[in-house]
Structures are given as C-alpha cells and as structure tokens.
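> Got a structure for you, written out below as structure tokens; questions coming shortly.
Protein chains: 2
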Amino acid sequence: MDRLSSTFAALADPTRRAILAKLSLGGASVTELAKPFAISMPAVTKHLKVLEGAGLISRSREAQFRPCKLEAAPMKEVSRWIEQYRWCWEESFDRLDAYLAEVQTAEKPGKKKKKKARKRH
Amino acid sequence: MDRLSSTFAALADPTRRAILAKLSLGGASVTELAKPFAISMPAVTKHLKVLEGAGLISRSREAQFRPCKLEAAPMKEVSRWIEQYRWCWEESFDRLDAYLAEVQTAEKPGKKKKKKARKRH
DNA sequence: ACTTTATTTCACCAATTGGTTATTTAATGA
DNA sequence: TCATTAAATAACCAATTGGTGAAATAAAGT
Chain A
1 MDRLSSTFAA LADPTRRAIL AKLSLGGASV TELAKPFAIS MPAVTKHLKV LEGAGLISRS
61 REAQFRPCKL EAAPMKEVSR WIEQYRWCWE ESFDRLDAYL AEVQTAEKPG KKKKKKARKR
121 H
Chain B
1001 MDRLSSTFAA LADPTRRAIL AKLSLGGASV TELAKPFAIS MPAVTKHLKV LEGAGLISRS
1061 REAQFRPCKL EAAPMKEVSR WIEQYRWCWE ESFDRLDAYL AEVQTAEKPG KKKKKKARKR
1121 H
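As structure tokens, then:
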C-alpha cells in the first residue's frame, strides 16, 4: 500500500488517534497507552503495529518496556494532500469575501470591482 | 462511526482519492468517473457510496445520469485535526533554526542568545 | 533458579472491505 | 412499445480488520 493510504488508514480508527494524542504529550509504554481503553493488550499491540507500519510511531527498548514515540512526519504528507482542497471548503468564505467586497464597493462608489474567480466547479 | 473516522477511512483508498481529484475539476457522472479505472461499475458505485457516507460527495439526478459533486467540508475537520500535530513534524526545522541561530550568534559575539522552547516532548 | 512484569505471538472469530457477475430499475429515444 | 443507456442492487467471494484468550518471550528482581 502507498504511504498516503496507509497513513489515512491508520488515522481512521479513534483508538489509534487517541494513542497518537497521548504520545504527542510524550513517549509512553504499551501498558501506559493501553490504560484508557477497555481492550486487551494484544489489541493495543496490533494498533501499535498499524501505527508503526504507517511510520506514525517508532519504538525502542528500555528494560522490559517498549516505549513508543510519535513520528508525525507522515502527517506532513497528509497535510500537503488535504491543503490541495482547501479552496473547495473555503468557497463559502470566498462568497462572503465577494459579498463584503461588494458592500465596500457600494460604500465607496469610486472604486473598481475586483474579480476573484477562484471557483472552478 | 464518527465523522473524522469515516472521512479518514474514505480517504484511505487511492481509487477514491483519484475520484475526488477528478471531481475537484468539476462534477461528473458515474461512467465518467469509472473510465480511468480497471474495475467494474458496481465497484465504482460502492466507492461513491463510501464517499457519500463520509459527506465528501453529494449526488443529484439529471436524466438517466447521477452526477457527483465534490463536498470538501469534511476535509476541513481533517485539516483542523492534523494541524494540531504540525509542530511535531516541524520540530526538525526548529532544530535547524536553533542551529542557524547558534551560527549567527557565534559570528556576531555581541548578540544575545534567543531561546525558542517550542519542543514539548 | 524462580517469579514477576511487560509485551508479543498464536490461533481463532465475526464483521467489514473491495472486488466480481448477473439481474433489476430508471429515464431516454426510436 | 421496445431497445438503449446509466446506474444500482443482489448474491457471492477472498482478504483484511479489530477483537479475543492462551501461550511464549524477554528483561529484572529476589
């Protein structure tokens, strides 16, 4: 599977997102990460494997613990991908901009009308 | 399933992302969307159902066609969620900043050292 | 050497996913 | 009315997913 797909897939589970949220506050052991959830340790191990497979966490050894660390780099790719579509979900704001521009123009009749033309569909 | 999860799940498939990419250039019928892929129509219909379920597309009727339209709103939520982690994947740039600041300080010994302290884990 | 603690692996299960072909529904056009 | 085109549904399949309990592994403490 491609990087983007495996990252999205890893992020599609609320348990895994909660794990990432906790890890954003600092590294943690598997048992620590498992605590908030009503699931078994093997289930947590599996979630961690998915996150590791997506490159979203890295692991090391420290005595009998296997601490996890957040590796947010793959999110950068996700962010870049999603930003492609920003203009789409901000269209309504564009219309608001256009509206406000209209109002301003109306108030100052000497000014020229500016075209925005960012809408593509 | 929660909105964020179903959005991430919908985006975790390259075929569905390609469909969204095409739809970002304008509305399209199912057959038009299916053309670039070596899969059957029912498979495309299923992908569209997943996208519709996540609120990423909307559909209407026009003669015997069922045109699809991109609805990027759910991506806004994804963007907001992912931005929470931006400081994490930009840490290395922070260290670069810090390094460059050090170099500058070394070159101009009269200047004070600036602390950045954006690292939280 | 034995026990405890932390974690993984194994073998299984039910539900979901992404795909198929064959059939049905819906609207248009001859 | 009948054929055509567009799309959805039905029934099925193999692979994946998220979970389980039981057993194995690894390091530390006694």
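Protein sequence lines, in the order shown, are assigned to chains A and B. Take the first sequence: its position 31, counted from the start at 1, is 31 in the working numbering, and no numbers get skipped. Every number in the working numbering is 1000 more than the matching position in the second sequence, counting from 1. Beta carbons: idealized from backbone N, C-alpha and C, even for Gly.
What residue ranges within the region 36-96 of chain A form continuous beta strand (DSSP E) runs of no fewer than 3 residues, ordered along the chain?
As far as the region 36-96 of chain A is concerned, its whole beta strand (DSSP E) runs of at least 3 residues are 57-59, 68-70.
> Quick check: the Cα distance between B/D1002 and B/R1059, rounded to an integer number of angstroms?
Position 2 of the second sequence, counted from the first residue, corresponds to residue 1002 of chain B. Position 59 of the second sequence, counted from the first residue, corresponds to residue 1059 of chain B. Cα to Cα, the separation comes out at about 22 Å.
> Please return the same chain residues whose Cβ sits closer than 6 Å to the Cβ of B/V1078, not counting the five positions on each side in sequence.
Walking along the second sequence from the start, residue 1078 of chain B turns up at place 78. Around B/V1078, the same chain offers T1007 as residues with beta carbons nearer than 6 Å, after the five sequence neighbours per side are excluded.
> Going by alpha carbons, who is nearest to A/F65 out of A/T31, A/F37, A/A10, A/R80?
Working through the first sequence from its first residue, we reach residue 65 of chain A at position 65. Answer by Cα proximity: A/T31.
> Establish whether the CB of B/C1068 and some CB of chain A are separated by less than 8 Å.
Position 68 of the second sequence, counted from the first residue, corresponds to residue 1068 of chain B. No - not a single Cβ of chain A is within 8 Å of the one on B/C1068.
> What are the boundary residues of the alpha helix (DSSP H) that includes A/A21?
The residue you call residue 21 of chain A lines up with position 21 of the first sequence. A/A21 -> alpha helix (DSSP H) spans 14-23.
> Going by C-alpha distance, which of B/E1062, B/A1073, B/R1086, B/K1069 is nearest A/W87?
On the first sequence, residue 87 of chain A is found 87 positions in, with the first residue counted as 1. A/W87 has its Cα closest to that of B/A1073, out of B/E1062, B/A1073, B/R1086, B/K1069.
> Under 8 Å Cβ-Cβ, which residues of chain A neighbour B/I1082?
Against the second sequence, residue 1082 of chain B aligns to sequence position 82. Here the neighbours are M75, V78, S79, I82.
> Run the CB neighbour count on B/Y1099, radius 10 Å, all protein chains shown included, and call it buried at 16 or more, exposed below.
Here residue 1099 of chain B corresponds to residue number 99 of the second sequence, with the count starting at 1. By the neighbour-count rule (16 or more Cβ atoms within 10 Å), B/Y1099 is not buried but exposed.
> Taking only beta-carbon atoms, is A/Y99 less than 8 Å away from chain B?
Taking the first sequence and counting its residues from 1, one reaches residue 99 of chain A at position 99. Chain B, which has no Cβ nearer than 8 Å to the Cβ of A/Y99, makes this no.
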